[in-house]
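What follows is one structure encoded as structure tokens, with my remarks underneath.
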Amino acid sequence: MWLLREHESARPTPRPDAPPTHGAVAGPAHGADASLGHGADAGPAHRADASPGHGADAGPGHGADAGPAHGADASLAHGADVGPAHRADASPGHGADAGPAHRADASPGHGADVGPAHRADAPLAHRADAGPAHGADAGPAHRADVPPAQRADVRLAHQADVITARLTGHPTPTDSSHALKTAYDLEADSWPHAVFAELGLPEQLLPPVVRPGSRLGEVCAAAAERTGIPAGTPVIAGMTDGCAAQIASGALREGSWNAVLGTTLVLKGVSSVPVRDGTGVVYNHRAPDGSWWPGGASSVGAGALTARFPDASPAAMDRAASAHEPASVLAYPLTSPGERFPFLAPDATPFVLGSPGSDTDLWAALLQGVALTERLCLDYLHHLGAPLDGPLTFTGGAARSPYWNQLRADILGRRARVPEQTEPALGMAALAAYGTGAAPSLADAADRMVRIRGVLEPRPARTALFADPYARWVAELERRGWLPAPVAAHARARLNLDTAGS
Numbered sequence: 005m006w007l008l009r010e011h012e013s014a015r016p017t018p019r020p021d022a023p024p025t026h027g028a029v030a031g032p033a034h035g036a037d038a039s040l041g042h043g044a045d046a047g048p049a050h051r052a053d054a055s056p057g058h059g060a061d062a063g064p065g066h067g068a069d070a071g072p073a074h075g076a077d078a079s080l081a082h083g084a085d086v087g088p089a090h091r092a093d094a095s096p097g098h099g100a101d102a103g104p105a106h107r108a109d110a111s112p113g114h115g116a117d118v119g120p121a122h123r124a125d126a127p128l129a130h131r132a133d134a135g136p137a138h139g140a141d142a143g144p145a146h147r148a149d150v151p152p153a154q155r156a157d158v159r160l161a162h163q164a165d166v167i168t169a170r171l172t173g174h175p176t177p178t179d180s181s182h183a184l185k186t187a188y189d190l191e192a193d194s195w196p197h198a199v200f201a202e203l204g205l206p207e208q209l210l211p212p213v214v215r216p217g218s219r220l221g222e223v224c225a226a227a228a229e230r231t232g233i234p235a236g237t238p239v240i241a242g243m244t245d246g247c248a249a250q251i252a253s254g255a256l257r258e259g260s261w262n263a264v265l266g267t268t269l270v271l272k273g274v275s276s277v278p279v280r281d282g283t284g285v286v287y288n289h290r291a292p293d294g295s296w297w298p299g300g301a302s303s304v305g306a307g308a309l310t311a312r313f314p315d316a317s318p319a320a321m322d323r324a325a326s327a328h329e330p331a332s333v334l335a336y337p338l339t340s341p342g343e344r345f346p347f348l349a350p351d352a353t354p355f356v357l358g359s360p361g362s363d364t365d366l367w368a369a370l371l372q373g374v375a376l377t378e379r380l381c382l383d384y385l386h387h388l389g390a391p392l393d394g395p396l397t398f399t400g401g402a403a404r405s406p407y408w409n410q411l412r413a414d415i416l417g418r419r420a421r422v423p424e425q426t427e428p429a430l431g432m433a434a435l436a437a438y439g440t441g442a443a444p445s446l447a448d449a450a451d452r453m454v455r456i457r458g459v460l461e462p463r464p465a466r467t468a469l470f471a472d473p474y475a476r477w478v479a480e481l482e483r484r485g486w487l488p489a490p491v492a493a494h495a496r497a498r499l500n501l502d503t504a505g506s
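The working numbering puts the last residue of the sequence shown at 506; the count rises by one with no breaks.
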């Protein structure tokens, strides 16, 4: 999140060597922790938490499908030269020796020794002659004792908003998907003004909010010259990275779900009404058509494999793991302490019950532990009343493993689809198509653009093999005080049911 001065939006500063992009430009699919400066030489693993191997942005094997979009957090505006110095908590300067005066909370009085960021060829918004806001005669609105959020020419901006403002040459509304991360009330379609007033934040700080897929403007001449994107190209409000991935999976009709397995595990689905969860484990995004996208993010995932076996060959280990179904031990493969979904347990830690007979036995237990968690996530969603009768789609870096895909389908007892392309950028392309009127609905746009590579059928005999390990695993989570008793009971009640359509 940035505090953006209004005059900064009109001066695009993307890298002059950024690749051209044709067609509608959907607002970037940045998550809350996404960076803005994906240059041409940036590696495929932009996510700060990405690791090789099974990770969402990793390389071969179970790793990420990082390609043109540079991973799950990649934006569609590569080369934007918007560095982190616009953030309220930015580190000093844009140049190696630039002083702290470029921070959003900078005080006036830029002297002659502030460094190269004030050169004559610097972006106009940061030049010493850019106006009174940066000069010695800065008005009271920029005095050192005025917090940045109180200044009349400053407003809240998410990463996507900074880029869309640069592309259009003017401030743009923010989309409700990003605004959710800064407390926007999706049901009331309003900022929580009373809360912000109590915090001393003025009304003018909050940008207007539109639904994803709304037209924000067009690429301006200055941005076209610097980026190669044709002037007049529509700029469409985007969504966060998780929502972009969901669109790319094609899971957009009620009851359908997308399971994204990379470093960690994320499930997102579609409901006609919000899925209520008093614990806050499951929360809802608002779709462009007004429906709801409930979901949650677990801390288990492929990151546990690379942490335990950093030099292993995933394909070779998978082949060996097939002889351990089920494994001789039970594993809860958290990638870091604390769990967020399917239960809230800040003190949760990874565990292995028993002593594995070999590395491949442990590898198998970790693969199975992720799938057991995934099953508990679906049981928890069913406990909350979420619709689960639609198709399930596997995406993420781990979906490159045929063995793990089939294992997950077997343990879940559900059919699963695997699409050809899983890049979030595809989701933003579908959103742009919908936003420019190329399809009557977002689901229709995705139906035309998302191609399914294969469908996995669960094998009932294999599903039955994991009934007892699942029951013991649920009991252990409950015994440790992490899994609430009603959720554990609901999971056990569904053990011997046909859950293929629920």
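Even glycine gets a Cβ: it sits at the ideal position worked out from N, Cα and C. Every value quoted in this text rests on a predicted model; they were computed, and no experiment measured them.
Bridge partners - residue i, DSSP secondary structure assignment
i: Asp179; result: Val214
i: Val459; result: Arg421
i: Gly273; result: Trp261
i: His494; result: For His494, which the question treats as bridged, DSSP gives no partner whatsoever.
i: Glu222; result: Pro238
Neighbourhood of residue i by C-beta distance below 7 Å, restricted to the same chain and skipping five residues each side
i: Gly400; result: Ala60, Val264, Leu265, Gly266 and Thr426
i: Cys247; result: Ser181, His289 and Trp297
i: Pro369; result: Note that residue 369 corresponds to Ala in the displayed sequence, not to Pro. Hits under 7 Å: Ala331, Val333, Leu334, Ala335, Val356 and Pro360.
i: Arg257; result: Val274, Gly394 and Ala447
i: Met243; result: Ala33, Asp179, Ser181, Pro216 and Leu435
i: Trp477; result: Leu334 and Leu376
i: Leu184; result: Leu190 and His289
Spatial neighbours of residue i in its chain, beta-carbon cut-off 6 Å, leaving aside the 5 residues before and after
i: Gln250; result: Asn262 and Lys272
i: Ser332; result: Gly361 and Asp365
i: Val304; result: Leu269, Pro337, Leu338, Val374 and Thr377
i: Ala437; result: Ala443 and Ala449
i: Asp281; result: Leu388
i: Pro278; result: Asn288 and Trp296
Where residue i falls: helix, strand or coil (DSSP)
i: Trp408; result: helix
i: Leu190; result: coil
i: Val29; result: strand
i: Val158; result: strand
i: Thr399; result: strand
i: Leu338; result: strand
i: Phe200; result: helix
i: Arg484; result: coil
i: Gly173; result: coil
i: Asp245; result: helix
i: Gly439; result: helix
i: Ser445; result: coil
i: Ala504; result: coil
i: Ser591; result: No answer is possible for residue 591: it lies beyond the span of the chain, which begins at 5 and ends at 506.
i: Leu209; result: helix
i: Thr426; result: coil
i: Pro152; result: helix
i: Ala479; result: helix
i: Val166; result: helix
i: Glu229; result: helix
i: Pro473; result: helix
Reference residue i, options the options, closest by Cα
i: Ala450; options: Ser506, Val304, Ser303 and Ala429; result: Ala429
i: Arg466; options: Pro341, Pro444 and Leu411; result: Leu411
i: Leu460; options: Val270, Thr377, Thr176 and Asp414; result: Asp414
i: Val29; options: Ala479, Ser218, Ala198 and Ala161; result: Ser218
i: Arg379; options: Leu184, Asp363, Ala306 and Tyr474; result: Tyr474
i: Glu329; options: Ala468, Cys224 and Pro354; result: Ala468
i: Arg159; options: Glu207, Leu171 and Ile167; result: Glu207
i: Phe200; options: Pro212, Ala192 and Ala187; result: Ala187
i: Pro212; options: His197, Glu222, Leu203 and Ser326; result: His197
i: Arg484; options: Ala402, Pro152, Leu348 and Pro391; result: Leu348
i: Tyr384; options: Asp165, Pro216, Thr283 and Ala227; result: Thr283
i: Pro318; options: Ser302, Pro406 and Val286; result: Pro406
i: Leu209; options: Arg155, Ala316, Ser506 and Ala402; result: Arg155
i: Gly236; options: Ala489, Thr172 and Arg419; result: Thr172
i: Val286; options: His386, Pro238, Asp322 and Leu309; result: His386
i: Arg421; options: Thr397, Met432 and Val491; result: Thr397
i: Met321; options: Asp363, Ala183 and Pro488; result: Asp363
i: Ser302; options: Arg323, Gly342 and Ala327; result: Gly342
i: Ser253; options: Leu487, Ala324 and Met432; result: Met432
i: Phe345; options: Ser260, Leu309, His162 and Val491; result: Val491
i: Pro162; options: Pro151, Ile233 and Asp245; result: The residue you asked about is not Pro; residue 162 is His in the sequence shown. Closest option to His162, Cα to Cα, is Asp245.
i: Pro464; options: Ala352, Val166, Arg419 and Ser326; result: Arg419
i: Met453; options: Ala255, Thr168 and Leu220; result: Ala255
i: Gly441; options: Gly259, Pro238, Arg323 and Asp472; result: Pro238
Spatial neighbours of residue i in its chain, beta-carbon cut-off 8 Å, leaving aside the 5 residues before and after
i: Arg496; result: Ala475 and Val478
Practice task
Give, in chain order, every unbroken run of the alpha helix (DSSP H) that is at least 4 residues long and sits entirely within the region 343–393.
Solution key: Whole alpha helix (DSSP H) segments, 4+ residues: 363–388.
Problem - Length at least 4, wholly inside the region 265–317: the alpha helix (DSSP H) runs in chain order - result: Counting only runs of 4 or more, we get 307–312.
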